[in-house]
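Counting from 1, one number per residue, gives the positions in the sequence shown under UniProt numbering.
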Amino acid sequence: MARFSLDEISDTGAFVRSASTFRNWISRDLNSQFPPESGRYHLYVSYACPWASRCLAYLNIKGLNKAISFSAVKPIFERTNESDDYKGWVFPESETEVPGAEPDMLNGAKTIRELYEIASANYTGKYTVPVLWDKKLKTIVNNESSEIIRMFNTEFNSIAENPTLDLYPTDLKPQIDDTNEWIYTSINNGVYKCGFAKKQEPYNEAARQLYGALDKCEDILSKQRYICGNTLTEADIRLFVTLIRFDETTKLVSEKRQS
Numbered sequence: 001m002a003r004f005s006l007d008e009i010s011d012t013g014a015f016v017r018s019a020s021t022f023r024n025w026i027s028r029d030l031n032s033q034f035p036p037e038s039g040r041y042h043l044y045v046s047y048a049c050p051w052a053s054r055c056l057a058y059l060n061i062k063g064l065n066k067a068i069s070f071s072a073v074k075p076i077f078e079r080t081n082e083s084d085d086y087k088g089w090v091f092p093e094s095e096t097e098v099p100g101a102e103p104d105m106l107n108g109a110k111t112i113r114e115l116y117e118i119a120s121a122n123y124t125g126k127y128t129v130p131v132l133w134d135k136k137l138k139t140i141v142n143n144e145s146s147e148i149i150r151m152f153n154t155e156f157n158s159i160a161e162n163p164t165l166d167l168y169p170t171d172l173k174p175q176i177d178d179t180n181e182w183i184y185t186s187i188n189n190g191v192y193k194c195g196f197a198k199k200q201e202p203y204n205e206a207a208r209q210l211y212g213a214l215d216k217c218e219d220i221l222s223k224q225r226y227i228c229g230n231t232l233t234e235a236d237i238r239l240f241v242t243l244i245r246f247d248e249t250t251k252l253v254s255e256k257r258q259s
């Protein structure tokens, strides 16, 4: 049965995100099932999705555009199967139907849901983007954005145009990990906890954490160029893709809930 985000609401009315399910790793290891080969992988994204957009940002900033292809679905959920009411990511019928979106030329899928069902006939989880697809094995390698960006950062350096750019440098790893934790909890996932909350109390708590974390970012960035110092890191990308959408989408949800 198809799962909705609203299926992840606890008894208290709070949104509780479930873990991603495809967690394979592209590796330079000689015995890897998924080696970093140019032209082998495809990234499915939605420009409306911040999780997918962080992967697309990495694809561009690391210079992997020629090695890894990508395509985008339509930005608004639609029905994916006549047999149920599930709404999710769908591909347009043509390249001119929706700006930026295009039909699935690899598998002929009409929806992201179909890709998951190709990869796993008995799949019962969520049909989310990003999807990192293996063209050779015709399966999903990984659908966890935090892992995909780590792969893009290191495992494709032999074919990347910007191989020396390291967004997760060894000397900053502890600081980046700590920053990622509070930004994810209160901002990246926090906006969803606000938007999907079904009761006032969990909404109030999520909103308090969200705006507290935004104030913390404001304080840090008033003193330095980037969130972890004077160099661009993974933490900046993860923060940016949520912030850039905040005024247009998240703030509207917040104001509606408060009215």
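Where a beta carbon is used, it is the ideal one built from N, C-alpha and C, also for glycine.
Within the 7 Å Cβ cut-off, does residue i reach chain D?
| i | result |
| --- | --- |
| A213 | Although the question refers to chain D, the structure presented lacks it and comprises just one protein chain. |
Can you list, in chain order, the residues of its chain with a C-beta nearer than 7 Å to that of residue i? Leave out the 5 residues immediately preceding and following it.
| i | result |
| --- | --- |
| N107 | L115, I118 |
| residue 260 | Any answer about residue 260 is impossible in this case: the structure gives the chain only from 1 up to 259. |
| R245 | P50 |
| E93 | P103 |
| N65 | L59 |
| Y123 | Y116, E117 |
Who are the Cβ neighbours of residue i in its own chain at under 6 Å, not counting the five residues just before and after it?
| i | result |
| --- | --- |
| I159 | S38, A67 |
| N162 | K62, G63 |
| F22 | I140, N142, N143 |
| E102 | S71, E95 |
| K74 | V90, P92, V98, A101 |
| T249 | none |
Near residue i, what residues of its chain come up, given a Cβ to Cβ distance below 8 Å and the 5 sequence neighbours on each side ignored?
| i | result |
| --- | --- |
| N230 | Q224 |
| Y168 | R150, N153, T154, I176, T233, E234 |
| G88 | A2, F77, E78, T80, T111, I112, R113, Y127 |
| K216 | W182 |
| I237 | R54, A57, Y58, I61, I149, L167 |
| L172 | C228, G229, T231, T233 |
So what's residue i in DSSP terms, helix, strand or just coil?
| i | result |
| --- | --- |
| T12 | coil |
| D177 | helix |
| K256 | Annotation note: pLDDT 46 at K256 (below 50); position unreliable, no value reported. |
| K223 | coil |
| residue 282 | One cannot answer for residue 282 here, as it falls past the ends of the chain, which runs 1 to 259. |
| G229 | strand |
| V241 | helix |
| A121 | coil |
| K87 | strand |
| R28 | coil |
| E102 | coil |
| E37 | coil |
| D247 | helix |
| E78 | strand |
For residue i versus residue j, is the C-beta spacing smaller than 7 Å?
| i | j | result |
| --- | --- | --- |
| I148 | L132 | yes |
| I227 | T170 | no |
| W51 | S145 | yes |
| R40 | K135 | yes |
| L210 | G190 | yes |
| S46 | N143 | no |
| V129 | Y44 | yes |
| P174 | T12 | no |
| P35 | F156 | no |
| N188 | T242 | yes |
How far does the alpha helix (DSSP H) with residue i in it reach, from first residue to last?
| i | result |
| --- | --- |
| W51 | 50–61 |
| S145 | 145–154 |
| A197 | Unbroken run through A197: none, as it is neither H nor E. |
Where does the unbroken beta strand (DSSP E) through residue i begin, and where does it stop?
| i | result |
| --- | --- |
| D134 | 131–134 |
| I140 | 139–142 |
| L43 | 41–45 |
| A67 | Neither: A67 is in no beta strand (DSSP E) and is coded neither H nor E. |
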